[in-house]
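Enquirer: Take a look at this one; I'll ask things after.
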Amino acid sequence: MIRVGQQTARDAKSDRSPVSAETEAKGSLWPTTLAVIAFSLVFGCVILVKLHQEWTAARAEAEASQARTAAFIAERVSGRLSEVRGALAMAASQLEVMSPASLDAGAQAGLDNLIEAPWVDAAALLTPDGRLIASGEADPDALREAANAALLSTSGLAARPGQTPSLVITAPAPLADGSVGALIASLTPQALLPRWNRDEVAMLTDAEGRLLALNPDTPFTGAPYAAERLGLDPEAVSDMSRNGGAMRGAHLGEDARILGAAAINGAPLQALSLGPDGIDRQAWNSTLLFHLLLFLAPLGTAGALSIVLRNQMGRLGDTQARLHDSEGRLHLAIEGARCGVWDWDLDTDEVVLTDSFAQLIGRARGESLSGPELLLLLGKEDRPKVRAALRGAANAQDVDLEVRAAGLPVWLQLRGRLLPHTRRIIGVAIDITERKGAQARVAAAESRLRAALESMSESFVLWDARGRLVLWNRKFRDFFGFNEPDLRIGSSYEQVEAAAARAIKAAHASEDGQDDYDLELNDGRWIHYAERRTADGGLVSVGADITALKDQQRALKDNDREMRRTVENLRRSQERVQELAANYEQEKIRAEEANRSKSEFLANMSHELRTPLNAINGFSEIMAGEMFGPLGHERYQDYVRDILSSGQHLLSLINDILDMSKIEAGKMQLQPEPLMPAEVIEQCVRIMRARAEEKSIELTVEGSELPEITADPRALKQVILNLMSNAVKFTPEGGKVKLRGFQAADGVVLQVSDTGIGISEDDLQRVGRPFEQIESQHSKKHQGSGLGLALSKSLIEMHGGALRIDSRLGEGTTVSFTLPAEPIVADAGPAPRPSGQAAQTDESLSAEA
Numbered sequence: 011m012i013r014v015g016q017q018t019a020r021d022a023k024s025d026r027s028p029v030s031a032e033t034e035a036k037g038s039l040w041p042t043t044l045a046v047i048a049f050s051l052v053f054g055c056v057i058l059v060k061l062h063q064e065w066t067a068a069r070a071e072a073e074a075s076q077a078r079t080a081a082f083i084a085e086r087v088s089g090r091l092s093e094v095r096g097a098l099a100m101a102a103s104q105l106e107v108m109s110p111a112s113l114d115a116g117a118q119a120g121l122d123n124l125i126e127a128p129w130v131d132a133a134a135l136l137t138p139d140g141r142l143i144a145s146g147e148a149d150p151d152a153l154r155e156a157a158n159a160a161l162l163s164t165s166g167l168a169a170r171p172g173q174t175p176s177l178v179i180t181a182p183a184p185l186a187d188g189s190v191g192a193l194i195a196s197l198t199p200q201a202l203l204p205r206w207n208r209d210e211v212a213m214l215t216d217a218e219g220r221l222l223a224l225n226p227d228t229p230f231t232g233a234p235y236a237a238e239r240l241g242l243d244p245e246a247v248s249d250m251s252r253n254g255g256a257m258r259g260a261h262l263g264e265d266a267r268i269l270g271a272a273a274i275n276g277a278p279l280q281a282l283s284l285g286p287d288g289i290d291r292q293a294w295n296s297t298l299l300f301h302l303l304l305f306l307a308p309l310g311t312a313g314a315l316s317i318v319l320r321n322q323m324g325r326l327g328d329t330q331a332r333l334h335d336s337e338g339r340l341h342l343a344i345e346g347a348r349c350g351v352w353d354w355d356l357d358t359d360e361v362v363l364t365d366s367f368a369q370l371i372g373r374a375r376g377e378s379l380s381g382p383e384l385l386l387l388l389g390k391e392d393r394p395k396v397r398a399a400l401r402g403a404a405n406a407q408d409v410d411l412e413v414r415a416a417g418l419p420v421w422l423q424l425r426g427r428l429l430p431h432t433r434r435i436i437g438v439a440i441d442i443t444e445r446k447g448a449q450a451r452v453a454a455a456e457s458r459l460r461a462a463l464e465s466m467s468e469s470f471v472l473w474d475a476r477g478r479l480v481l482w483n484r485k486f487r488d489f490f491g492f493n494e495p496d497l498r499i500g501s502s503y504e505q506v507e508a509a510a511a512r513a514i515k516a517a518h519a520s521e522d523g524q525d526d527y528d529l530e531l532n533d534g535r536w537i538h539y540a541e542r543r544t545a546d547g548g549l550v551s552v553g554a555d556i557t558a559l560k561d562q563q564r565a566l567k568d569n570d571r572e573m574r575r576t577v578e579n580l581r582r583s584q585e586r587v588q589e590l591a592a593n594y595e596q597e598k599i600r601a602e603e604a605n606r607s608k609s610e611f612l613a614n615m616s617h618e619l620r621t622p623l624n625a626i627n628g629f630s631e632i633m634a635g636e637m638f639g640p641l642g643h644e645r646y647q648d649y650v651r652d653i654l655s656s657g658q659h660l661l662s663l664i665n666d667i668l669d670m671s672k673i674e675a676g677k678m679q680l681q682p683e684p685l686m687p688a689e690v691i692e693q694c695v696r697i698m699r700a701r702a703e704e705k706s707i708e709l710t711v712e713g714s715e716l717p718e719i720t721a722d723p724r725a726l727k728q729v730i731l732n733l734m735s736n737a738v739k740f741t742p743e744g745g746k747v748k749l750r751g752f753q754a755a756d757g758v759v760l761q762v763s764d765t766g767i768g769i770s771e772d773d774l775q776r777v778g779r780p781f782e783q784i785e786s787q788h789s790k791k792h793q794g795s796g797l798g799l800a801l802s803k804s805l806i807e808m809h810g811g812a813l814r815i816d817s818r819l820g821e822g823t824t825v826s827f828t829l830p831a832e833p834i835v836a837d838a839g840p841a842p843r844p845s846g847q848a849a850q851t852d853e854s855l856s857a858e859a
């Protein structure tokens, strides 16, 4: 038919008279021709404007498509980050109830569960004491450093760009002892991204735009910022990603690309999508065809008007014009639809191809080929199918098969019908490359869906609206131990439920809802099973292993019972403590009354004893000075000196007791006045130097440049003399005693050091108590009341200062005390009672120093 039509058109052209046609054109057709041309131009401009709008919209749609792709990648990454955060939260809740003894083993088990996710390469627990319990392959130092950065981040996530980039998520981990550790998960950025083909590249960057991962692994290098590698401004890309969008101008090698960007919710990350800088060619071709036909329709109308006019000049010319116009439209329609026409003569094995068909299979123009020549232009594996289809056309009356062009990425659908009463098959060849690509993408998406379902830690089952099995994953089969015949596509819900009942020990209604169940399996596991209806009436069933949660619930119940018992024991203990506190209060009152009575007794007795002692000492001094004449024998002189020495010692002891009783009774009053500490130190050194020289002890003084302070000079002198006396007393002959003074921020510090016998660590707890003496081989050689150091400590504390003792047995003792520039003098009330290390006796002080 194609050849017959072409021949008819040629014959019609040859029969027309050129002179007649020219005359008619110059006559009545000339105004009409001008009108048609003018109308066509105007209408063509309108069509061009519309096409330009369509082209602009198509380019905008391409950018919007990349923006949606970037948003999908961001949502995908955000979802997986949320899964990791949820896993960290669950691990933290498990650690909170673990005892310290089982913390390491329990934490290790939880961390091992965390790294089972394909995008988690390492997990760790950083304990409050700095220990790192890790699972997976990770550098501990790098993990600590990244964890510190993540903890400082508001999102709890830190990105580490570089040769081996990674993401680190942290979460607080409260422990059973009340302290808080940190759970750390190190993620592989590459595993977070979806898989694309080479035309679509998914990328993940940090907040500044540094590249962390891309998929597929496209070999392009350059600056650390992904935008710079693509020839874009990193700041412009970051600004665009905040609200999501896409931009042109990116280049991957020599190819122009569109870059989509989107921020990832809850993380300082960006998702980028790099796609071809093009439009949907199939849709654009359809648009072109539509507008082309829209443009040709008026032309057809104009042609029809011309044909009507030409009828006046002859039916032959009219017929030729219509035939030619019809052929042109058919040709344009075939060209626009990306299809071609073929005519195969089975008797001669010759094939006639149109130009459009020839171009689809790599030929420059339409021509007549032999059958073998045409088969060589088709895929090798498709040639037998074509021959078989042609042979079967005699019975089937038609041909319908899909083939590929040899050496070209083109798929064709050959559809034809046998002409009645002939052995010729006429048909069309349709370009179905786009459809094949779409089918491949759908198959890939189904494969990814299947892989995602198989990687789930929960079971998944999909039923259609009639309750027939459509889809399931491996976890569903493993939970209930199905045999191979139990699970088949199309199996009824009742059949599968009956097969699953073999593995179920008991079913319990869940508190979450009426369509949720907690299933106890025969092997001891617990499964939380939920069912939800889909929009088309189908059913989705999801099951999760909650054995650990059930064990935790049992443990919480046991802990609750134990806590109640503990609370009851604490209540009883509190009642006992209150009873003991009441008894203690009564004993304290009795002890204070006894101490007050003792102090009053000592004060009264001290006065009673001092009166006769004053007389004894006075008469002894008169007799020693032989005021009324010589005593006679020299022995009397010795007796008098012994009496005077003993009396003075006893009087000093009585004075110490009296001062101590005043302090404890709260009746001791200081008389502070401005003084120079160096002058008081000098007076005390003059008094003690003779005693030191008697034992060949080296007495030295340091720190004469001391500021003026306000203090009771008698009390300060008494403290220094007590400390120096103890130092000299308990330092062996040939030893050293040193008195030093330091200027402090708010006063002075005085320090008495010796090389004496020292004090043991156990005795330091007792020295400084009134009348307390440390018995040692050396201290038994010296007399003492045990009040000197206790009295000194009380006098220092009345000034608002403090006393400290440092000593090592056999090496010596150092006694230090501080005095503020302005004393804090207590007007009433008893002074603090000396006790512990800060209060020491005479002997203990020198021994400890």
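Residue numbers for the sequence shown, in the numbering used here: 11 to 859.
Beta carbons are placed, not taken as given, at the ideal position from N, Cα and C, and that holds for glycine.
Since this is a predicted model, take the numbers as computed values, not measurements.
1) Between the stretch 814-827 and the stretch 755-763, do at least 3 Cβ pairs fall closer than 8 Å?
2) Write down every uninterrupted run of the beta strand (DSSP E) in the stretch 143-173 whose length is 3 residues or greater and which is fully enclosed by it, in chain order.
3) In this structure, how does DSSP classify Ala838 when only helix, strand and coil are distinguished?
4) Out of Ala169, Arg258, Gly642 and Glu595, state which residue places its alpha-carbon closest to the alpha-carbon of Ser7.
5) Just the C-alpha distance for Arg434 and Leu400, rounded to the nearest angstrom, thanks.
6) What's the C-alpha gap between Arg574 and Met100?
7) Straight-line CA distance for Val413 to Glu391?
8) The beta strand (DSSP E) that contains Asn225, what's its start and end?
9) Below 8 Å, how does it come out for the stretch 152-170 and the stretch 268-288: are there three or more Cβ pairs, yes or no?
10) Is DSSP giving His62 helix, strand or coil here?
11) Return helix, strand or coil for Leu203, following the three-state DSSP convention.
12) Which complete beta strand (DSSP E) runs does the stretch 452-540 hold, if anything under 3 residues is left out?
13) Gln596: buried (16+ other C-beta within 10 angstroms of its C-beta) or exposed?
14) Could you name the residues of the same chain whose beta carbon sits closer than 7 Å to that of Leu726, not counting the 5 residues immediately before and after it, in chain order?
15) Quick check on the DSSP output: the alpha helix (DSSP H) that includes Phe367 runs from which residue to which?
16) To the nearest angstrom, how far is it from the Cα of Leu384 to the Cα of Ala450?
17) Alpha carbon to alpha carbon, what distance is there between Leu356 and Trp436?
18) Is Ser380 close to chain B, meaning its C-beta is less than 8 Å from at least one C-beta of that chain?
19) In chain order, which beta strand (DSSP E) runs of at least 3 residues are fully inside the stretch 246-314?
20) Which two residues bound the contiguous beta strand (DSSP E) that contains Met213?
21) Go ahead and pull the three-state DSSP assignment for Asp21.
22) For Val711, I'd like the list of residues in its chain whose CB is within less than 7 Å of its CB, leaving aside the five on either flank, ordered along the chain.
23) Quick check on the DSSP output: the beta strand (DSSP E) that includes Glu412 runs from which residue to which?
24) Just how far apart, CA to CA, sit Ala519 and Gln104?
25) Please report the distance separating the alpha-carbon of Glu147 from that of Gly219.
26) Roughly how many angstroms lie between the CA atoms of Leu121 and Glu93, to the nearest whole one?
27) Report buried or exposed for Val52, applying the criterion of at least 16 other Cβ atoms within 10 angstroms of its Cβ.
28) Which residues bound the beta strand (DSSP E) around Glu708?
29) Mind checking Val577: buried by the 16 CB within 10 Å criterion, or exposed?
30) Apply the 10 Å Cβ neighbour rule to Ala160 and answer buried if 16 or more other Cβ atoms are within range, or exposed otherwise.
31) Check whether the stretch 405-424 and the stretch 365-375 are in contact - that is, three or more C-beta pairs closer than 8 Å.
32) So, with DSSP's three-state summary, where would you put Val420?
33) Rounded to the nearest angstrom, what separates Gly285 and Glu210 at their Cα positions?
34) Once DSSP output is grouped into helix, strand and coil, what is the label at Ala31?
35) With Ala195 as the anchor, note down where its beta strand (DSSP E) starts and where it stops.
36) Anyone know if the C-beta pair for Asn483 and Leu463 falls short of 8 Å?
Expert: On the basis of the coordinates in this document:
1) yes
2) 167-170
3) For Ala838, the predicted structure reports a pLDDT of 38, less than 50, and the residue's modelled location is therefore unreliable. The matter cannot be settled from this model.
4) Outside the shown range of the chain, which is 11 to 859, sits residue 7, and nothing can be said about it.
5) 10 Å
6) 26 Å
7) 9 Å
8) Leu221 to Asn225
9) yes
10) helix
11) coil
12) 469-473, 479-482, 514-519 and 526-531
13) exposed
14) Val690
15) Asp365 to Leu370
16) 27 Å
17) Note that residue 436 is Ile in the sequence shown here, rather than Trp. Their backbone Cα atoms lie some 11 Å apart in a straight line.
18) This model lacks chain B altogether, as it is built from one protein chain only.
19) 255-262, 265-273 and 279-286
20) Val211 to Asp216
21) Summary for Asp21: the model assigns pLDDT 39, below 50, so the residue's position carries little reliability; its value from the coordinates is reported in the next sentence. Helix.
22) Ile691, Val695 and Leu749
23) Asp408 to Arg414
24) 25 Å
25) 27 Å
26) 14 Å
27) exposed
28) Glu708 to Glu712
29) exposed
30) buried
31) yes
32) coil
33) 5 Å
34) Confidence at Ala31 is low in this model, with a pLDDT of 40, below 50, so its placement is unreliable and the value that follows should be read with caution. Ala31: helix per DSSP, three-state reduction.
35) Val190 to Leu197
36) yes
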